[in-house]
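Worksheet for the structure shown next.
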Amino acid sequence: MSARGKARRRALDILFESELRGEDPLKILAERVARQEPPVNEYTSTIVEGVARHRTRIDELITTYAEGWTLDRMPAVDRNLLRGGTYELLWMPGVPEGVVISEWVHLAGELSTDESPQFVNGLLARFKQLKPSLTL
1 MSARGKARRR ALDILFESEL RGEDPLKILA ERVARQEPPV NEYTSTIVEG VARHRTRIDE
61 LITTYAEGWT LDRMPAVDRN LLRGGTYELL WMPGVPEGVV ISEWVHLAGE LSTDESPQFV
121 NGLLARFKQL KPSLTL
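For the record, in the sequence shown the residue sitting at position 49 is 49 according to full-length UniProt numbering, with numbers rising by one throughout.
Rendered as structure tokens:
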């Protein structure tokens, strides 16, 4: 797994943990940075901070375009995969879009249900297509 792939996975871990604990992801991130075991990659921090900053808009987009699914009905891991992937895809223009989608779909395949990779791929691909018209 690439360094950024590991950073994405660590960001997902932090986002998922913060949701399960009902705590701010920035608080969980700060705890992990302070502990430094394992050290938190700067790219992980960028994703977690970005999701926290844009969470309302990210959740609006997911809710609008996830046909037949509400955020509450999605597995928690899928919600957080989509949050991380959506942030990276829409707010980090220097990262190749195909790589972003591929990496988050790979994590879905590793960590979620059998249907999750297709679901994550479809939604992130839709955001890629709509990106020029989305108000961020």
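Don't be surprised by glycine CBs; every beta carbon is placed ideally from N, CA and C.
Residue of the options minimising C-alpha distance to residue i
| i | options | result |
| --- | --- | --- |
| V99 | E115, F119, A125 and R83 | A125 |
| A3 | T44, R79, P117 and L136 | T44 |
| T70 | D13, F119, A34 and A30 | F119 |
| S18 | V77, T56 and K128 | V77 |
| P39 | R21, L61, A11 and L130 | A11 |
| E49 | A7, E110 and P132 | A7 |
| M1 | E110, S116 and D114 | E110 |
Residue i classed as buried or exposed, judged by whether at least 16 other C-beta atoms fall within 10 angstroms
| i | result |
| --- | --- |
| E37 | exposed |
| P93 | exposed |
| P25 | buried |
| V51 | buried |
| A66 | buried |
| R35 | exposed |
Sub-8 Å separation of residue i and residue j beta-carbons
| i | j | result |
| --- | --- | --- |
| L107 | R9 | yes |
| R83 | L15 | yes |
| I58 | T86 | yes |
| H54 | W104 | no |
| I101 | N80 | no |
| T62 | L130 | Note that residue 62 corresponds to Ile in the displayed sequence, not to Thr. Contact flag unset, no. |
| K128 | L89 | yes |
>> I'd like the ranges of any alpha helix (DSSP H) spanning at least 4 consecutive residues and lying wholly in the UniProt domain "NusB/RsmB/TIM44" (6-128).
In response: 25-35, 42-65, 76-91 and 97-111
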